[in-house]
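Per the numbering used here: the sequence shown ends with 1266, consecutive numbering throughout.
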Amino acid sequence: METPVFLRACRGEPTPYTPVWLMRQAGRYMAEYRALRERVPFLELCKTPDLAAQVTLEAAERLGVDAAILFSDILLIVEPMGVGLEFSAGDGPVIHRPVRSGQDIGALREVPPEESVPFVFETVRKIRGSLPSDIPLIGFSGAPFTLASYLIEGGASRQYLETKRLMYQDSGAWNALMDQLVRAITAYVNAQITAGAQAIQLFDSWVGCLAPQDYRTFLLPHMQTLIQGVTPGVPLIHFGTGTAGLLELLAEAGGDVIGVDWRIDLDVAWRRIGEDRSVQGNLDPLALFAPLDTLRQQVQRILDQARGREGHIFNLGHGIVPQTPVDNVIALVDMVHEFSSRQT
Ligand code: CP3
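Structure follows, in structure tokens:
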């Protein structure tokens, strides 16, 4: 069988058109999802393989995207560490017992993911069993910095004060936390691969708050260990936001594909990342609120910046927001396919 278009683009091989998928392609902007959520709380949804698989499959089919993504959340692997996770309506995720010291970090539990989050792998198997063979399934994890920021802050943060305080003041505790997260994430994504995930995305959503030198000192070695530990041959997408000051470092850390947000032009980003890598991005998710003519121009601009080169995966620069008109999302996927289709 032919390699699916999305996987070819991850590997920098020629494709008949530019593949597209969208971060948060399953979620509250879809009426079907909102209806399901009236009945089922978010965490329960993530832990019920039949329902989580259904959400993944419905979104991929409805949008006509070139890849599906596991329906789950990056915080599901921190819950079994014993910190008390809750998704409260309005406030987003809350960690009831945040870690702030070496002692807190030493008390974090370390359980093999097959035992602590078996429902994730069951969901992966269910999705893979129902997904068309030309649509690959992307598994994912939060990256160490982004997961640490939730563990330490206890929720969303503006300045990452507690995270940086620990990083600067207690490098022993910081490195112990990074080591533990790297072990957990490696085991987690490799178990997703065993269950049927065909690519992995690491979400380092909040890493853009770091100075380049601090990324190099406090994070780069850990990211390299993590990425080198992922099962070889499975494309790894390394994504962050606000990373215009860090792109060379993200590339140095590793990944077959580097995910880029909209705050930088794609051609400029690609030059800095290096032509040996594939890139993913980079439409502003809020461009989905623009009139379709404007949306068309924006899609065309990004495709022009990619110049039809091998190794571009079209995506947003961050997730779809809940208020987004679903018709515009469908239109976007069609536009990418239409504008990029080339004779091969
Ligand atoms: O992309 C997909 O369709 C797959 C599913 C997915 C979710 N979260 C579902 C979700 C993925 C890949 C994530 C990753 C995630 N989760 C990240 C990294 C990506 C990013 O957006 O930066 C982060 C930082 C989280 C943590 C998280 N989970 C937050 C901050 C929130 C609240 C957001 C909000 O607007 O309320 C969540 C909840 C969440 N994760 C929802 C969904 C569909 C909404 C929950 C609901 O239905 O009420």
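Glycine is no exception: its CB is placed at the ideal position from the N, C-alpha and C atoms.
Query: Contact between the region 928-947 and the region 1224-1234 (3+ Cβ pairs under 8 Å); Result: yes
Query: Straight-line gap, residue 1212 to residue 1104 (C-alpha atoms, nearest Å); Result: 40 Å
Query: Minimum C-alpha distance to residue 1030 - residue among 1036, 1175, 1020, 975; Result: 1020
Query: Spatially closest choice to residue 1087 from 1023, 1051, 970, by CA coordinates; Result: 1023
Query: Chain B contact for residue 1243 (CB, 8 Å cutoff); Result: Chain labels in this structure do not include chain B; a single protein chain is all it has.
Query: Touching by the beta-carbon criterion (3+ pairs, under 8 Å), the region 1094-1101 and the region 1036-1045; Result: no
Query: Residue interval of the alpha helix (DSSP H) (run including residue 1121); Result: That residue, residue 1121, is in no alpha helix (DSSP H); its beta strand (DSSP E) goes 1121-1126.
Query: Touch test, the region 1180-1192 against the region 1131-1148, Cβ-Cβ under 8 Å, three pairs minimum; Result: no
Query: Reduced DSSP category for residue 927 - H, G, I as helix; E, B as strand; rest coil; Result: helix
Query: Nearest-angstrom beta carbon gap, residue 1201 and residue 1191 [assumed within contact, 8 Å]; Result: 7 Å
Query: Residue 1205, enclosing beta strand (DSSP E) - first and last residue; Result: 1200-1205
Query: Those runs of the beta strand (DSSP E) which lie wholly inside the region 996-1082 and span at least 3 residues; Result: 1007-1010, 1014-1017, 1059-1064
Query: Residue 968: CB within 7 Å of a non-hydrogen atom of the ligand FMN; Result: Absence of the ligand FMN from the depicted structure is noted, with the ligand CP3 being the only ligands included.
Query: Any non-hydrogen atom of the ligand CP3 closer than 7 Å to residue 1014 Cβ; Result: yes
Query: N- and C-terminal bounds of the beta strand (DSSP E) containing residue 1240; Result: Per DSSP, residue 1240 belongs to no beta strand (DSSP E) and is neither H nor E.
Query: DSSP state of residue 964 mapped onto helix, strand, coil; Result: helix
Query: Given residue 1055 as reference, the closest of 1163, 927, 1153 once Cα atoms are compared; Result: 927
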